[in-house]
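So the structure is just underneath, and the comments pick up after that.
Numbering (our numbering), first residue to last: 597 to 641.
So this is what it looks like as structure tokens:
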């Protein structure tokens, strides 16, 4: 996965193994909550 911050504040995510597929575009608040959860260990990666 790659993340790119867009000029309007949203974040686009794309699958690097399937680069021709459409990216997921998230509101900044959703992205921030995901990152906070990852940093706090709530996901089992």
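Every residue, glycine too, gets a C-beta built ideally from N, C-alpha and C.
**Q.** residue 602 to residue 622 span [Cα, whole Å]
**A.** Taking the chain shown and counting its residues from 1, the one referred to as residue 602 is at position 6. Taking the chain shown and counting its residues from 1, the one referred to as residue 622 is at position 26. Computed Cα separation, rounded: 10 Å.
Q | Run of the beta strand (DSSP E) containing residue 610, from where it starts to where it stops | A | Indexing the chain shown from 1 puts residue 610 at position 14. Segment 607-610, the beta strand (DSSP E) holding residue 610.
Q | Bridge partners - residue 625, DSSP secondary structure assignment | A | Residue mapping note: residue 625 aligns to position 29 of the chain shown, counting from 1. BP columns for residue 625 are empty, so no partner.
Q | Contacts around residue 605, its chain only, beta-carbon distance under 7 Å, and the 5 residues preceding and following it disregarded | A | Here residue 605 refers to the residue found at position 9 when the chain shown is read from its first residue. 624, listed in sequence order.
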